[in-house]
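Numbering (the numbering used here), first residue to last: 1109 to 1190.
For glycine and all other residues, C-beta sits at the position ideal for the given N, C-alpha and C.
Remember, it's a predicted structure, so these values are computed and weren't measured experimentally.
Notes follow the structure.
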């Protein structure tokens, strides 16, 4: 497969449409059950067992949880699994 060096004018005209499409998708509610299933399916396709999945309300709560985990015994387990 060759690398694209330049996009066509038609492709360039479609950029705003795709920006809006992905911003709209990213700003909606997350279906946690669907996301968990997709992750489990990907791991199963790779022949791996389902990982532990943690959900947080915001990037800040994720950052705080990470900071707390780093100070615990769980960190070495998580670090080796990631």
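Terminal residues of the alpha helix (DSSP H) in which residue i lies
| i | result |
| --- | --- |
| residue 1173 | 1167-1178 |
| residue 1145 | 1140-1153 |
| residue 1119 | 1117-1121 |
Whether residue i touches residue j by CB criterion (9 Å)
| i | j | result |
| --- | --- | --- |
| residue 1158 | residue 1152 | yes |
| residue 1163 | residue 1147 | no |
Residue i in three-state terms, based on DSSP
| i | result |
| --- | --- |
| residue 1160 | coil |
| residue 1137 | coil |
| residue 1132 | helix |
| residue 1110 | coil |
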